[in-house]
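Here's the structure, in structure tokens; my notes come after.
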Amino acid sequence: MKNENTRNMVIFVVATAVILILYQIFILGPQAEQQRAAAEAAAASQTVDADGDLAVPGAAPAPSAAVFTEDRGQALGTVARVPIQTGKLRGSLSLQGGRIDDLFLTDYRETLDDPAPVELFRPAGMEHAFLAQFGWTGQNIAGGVPGPNTLWRLTSGSTLTPTTPVTLTWDNGQGLRFTRVVSVDENYLFTLRDTVANLGTTPIVIAPYGRIERQGVPDTLGKNQILHEGGIGTFGEPGDYSTTQLKYGDWTKKPREEFESTGGWLGITDKYWLAALIPGQNQTIEAEFVARDANGLQMREARLLGEPRTINPGRQITEEQRLFAGAKRNEILADYEEVLGLPRFVYAIDWGFLFFLTRPIFLLVHWFAGLVGNFGVAILLLTLTIKLIMFPLANKSYESLSKMRKLQPQMEKIKTQFKDDPQKQQQETMALYQREKINPLAGCLPILVQIPVFYALYKVLFVTIEMRHAPFFGWIRDLSAPDPTNIWTLFGLIPWDPGSIPLLGGLLVNSGGGFTLGLSVLAIFYGFTMWLQQAMNPPMPDPVQRQIFAWMPVIFTFIMAVFPAGLLVYWAWNNVLSIAQQYFIMHRFGAENPIDDFIAKLRNKPA
């Protein structure tokens, strides 16, 4: 019976591995290729219709594939631009439409090996254009209002910096004069102060608008189930705000989502970056998330429309809007939330449903990192802190496990004595537990408590930009990415690329995107610590369960291999601390353990 169970278990594990490999080759691979081809087909013809939703002027036109360009200079065009230069931002503002459509985040690189700064906004004319524009809308206004193609005139300033705002003006020739003062702070906040003067003879009614527009979505976005990327906004009334999320993948299924709000904010968010419209917090707004098809290209827009304003002859009004365009750093978002009175702005970071754990864990790791200067060491200190908090619970659990291991001879005797009577065997085993005051479920409690902590730390590593490209030691240059070492290159000793192998290459390289055979140093070390910790526990009484538990370290080694390196650092270090704690408790109770057995074998080994 035992041999048959072992054989069945081996067959199960091998069959599972074969199914995963075949699924990767014949299902996931073709699906990825189809998605890429669909994206290219969608970009093959791009023009934007003149949709007038919310009476907002049409968006900046997207070019057809025939005039699509990878040359940024060509896309920026010949229209005059105002340079943007701060300590964290670099780009330009177009005088055509007054658009902010050219912006880089100079504090961040696209990859560790690429010195180019992260691109946030991209001008129309390039694939996946991303931009923000602001203006006014009104009905039956002689001479019109400034739109996306209006040519503003620069009347003050030459470069937009935190100390030098710029002033743009436009006159519609029919008695309306528009003046826009654009300023930017030392972080990521633009302020647009628009003044409209009615020099005519009749009253007019106009309303301010803002729009963030993305022309198609890059293939790298919206693929992670654990992460929100897409539309995001907080709406409601003072004291009763809630945050709405609309994933890229769901946006086309809900082509129009409308909200009314007093203040709040809305925009488009990626994993680490955010572009958000921020109206005056005492202003009543209409907000929309809109997805519309432009000849096969899905346009996604976050829009807001302010209250209509009446301007009598000889009078003027001033309206202020803001744009956040930058990195989602917790302390920066929290500061804007407090200073501007923005509701739930810090929740632009996707803290997850365990936000009450995720944020405190992040703040603790961040504080530790400030002390020691290394996020990897901060994770080790966090793990130690959690172990100290759980020490009493873990102590009782390990005491129970040590007692159970010490009782193994008596339990084996009961199994032998009542081998043909499973019910009696179970009754005698439970009676033995009661006499020795052992709770067999106590060993599960530390693991159960660790699960939400594990998830919360995973979120912290995965979504917080502070962890992005954060190094540990040695070869681990990015704690938010998988360990780059690979068993198939003997961890860097063999200079070749396993990914170049046809069909199997994707499985042999750990890209962090699914099942992998490319085990890393951290993954193997984690698997070893899991095996050692499990070996210190009393064996399961049922042979089938025992075989399953014996294979779990192997299975979880492959499962955990694709996770961020920081998570493996946490879990492996947690296992090491648990092994040390359990070892001393087992010593105290005189229970046999594999570490002492190994030491004894070394001592008895002949020279």
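Counting the sequence shown from 1 gives a position; our numbering is that position plus 1318. All C-beta atoms in this analysis are idealised placements derived from N, C-alpha and C, irrespective of residue type, glycine included. Quantities reported herein were computed from a predicted structural model and do not represent experimental measurements.
At a Cβ-Cβ threshold of 9 Å, methionine 1904 and serine 1718 do not count as neighbours.
Residue burial annotation: aspartate 1739 is exposed, with fewer than 16 other C-beta atoms found within 10 angstroms of its C-beta.
For the alpha helix (DSSP H) assignment, the uninterrupted runs of no fewer than 4 residues enclosed by the region 1566 to 1600 are, from N- to C-terminal side, 1566 to 1569. Just so you know, the alpha carbons of isoleucine 1866 and methionine 1722 end up roughly 20 Å apart. The three-state reading of DSSP puts tryptophan 1814 in coil, since its state is none of H, G, I, E or B. CA-CA distance, threonine 1468 to alanine 1450, rounds to 15 Å. Within the model, the alpha-carbon separation for threonine 1396 versus arginine 1621 is close to 28 Å.
Threonine 1424 and alanine 1645 have their alpha carbons spaced roughly 11 Å apart. Aspartate 1796 sits buried, since 16 or more C-beta atoms from the chains shown fall within 10 Å of its C-beta. Around the beta carbon of glycine 1582, 16 or more other beta carbons sit within 10 angstroms, so the residue counts as buried.
Taken atom to atom, the span from the alpha-carbon of isoleucine 1873 to that of alanine 1879 is near 10 Å. Of Gly1534, Gln1852, Tyr1590, the smallest CA-CA separation from threonine 1570 is found for Gly1534.
The residues Ile1732, Lys1733, Phe1736, in chain order, have a CB closer than 7 Å to that of glutamine 1743 in the same chain once the five nearest residues on each side in sequence are set aside. Around the Cβ of aspartate 1588, a 10 Å sphere holds 16 or more other Cβ atoms; the residue is buried. Look at arginine 1627 here: in three-state DSSP terms it is strand.
A check of alpha carbon separations from alanine 1788 across Ser1818, Ala1687, Ile1805 identifies Ala1687 as the nearest. Under the three-state reduction of DSSP output, asparagine 1516 falls in the strand class. DSSP places isoleucine 1697 inside the alpha helix (DSSP H), whose first and last residues are 1693 to 1707. Every beta strand (DSSP E) stretch that sits fully inside the region 1482 to 1509 and reaches 3 residues is listed by chain position as 1484 to 1489, 1494 to 1502. Close CB contacts of phenylalanine 1553 within its chain, under the 8 Å cut and outside five residues either way in sequence, are with Tyr1559, Ser1560, Thr1562, Phe1577, Glu1578, Ser1579, Gly1582, Leu1584, Ala1605 (chain order). Separation of glutamate 1637 and proline 1678 (C-alpha to C-alpha, rounded to the nearest whole angstrom) is 38 Å. Judged by DSSP secondary structure, proline 1727 falls outside any beta strand (DSSP E) and instead within the alpha helix (DSSP H) spanning 1726 to 1735.
Shortest Cα-Cα distance from leucine 1615 to any of Met1729, Pro1441, Arg1532, Leu1920 involves Arg1532. Cβ-Cβ distances below 8 Å link threonine 1834 to Leu1825, Leu1826, Val1827, Asn1828, Phe1876, Ala1879, Val1880 in the same chain, with the five nearest sequence neighbours on each side left out; the list follows chain order. Under the Cβ criterion (8 Å, minimum of three pairs), the region 1849 to 1856 does not count as touching the region 1661 to 1669. Taking C-beta separations shorter than 8 Å and ignoring five residues to either side along the sequence, the partners of asparagine 1713 in its chain run Gln1899, Ile1903, following chain order. The Cβ atoms of alanine 1593 and leucine 1641 lie closer than 9 Å to each other. For phenylalanine 1452, the beta-bridge partners assigned by DSSP are Gly1528.
Secondary structure note for tyrosine 1844: it is in no beta strand (DSSP E), and the uninterrupted alpha helix (DSSP H) holding it is 1839 to 1853. At the C-beta level, alanine 1696 and leucine 1706 stay beyond 9 Å of one another. Linking proline 1857 to glutamate 1730 through their CA atoms gives a straight-line distance of about 11 Å. Judged by beta-carbon spacing, leucine 1840 lies beyond the 9 Å limit of leucine 1895, meaning their Cβ atoms are not closer than that value. In terms of CA proximity to phenylalanine 1496, Thr1455 leads the group Leu1394, Thr1455, Asn1911. Straight through space, the alpha carbons of isoleucine 1794 and proline 1912 are spaced by roughly 31 Å. Taking 8 Å as the upper bound for CB-CB distance, proline 1626 and alanine 1515 are not in contact here, some 17 Å apart.
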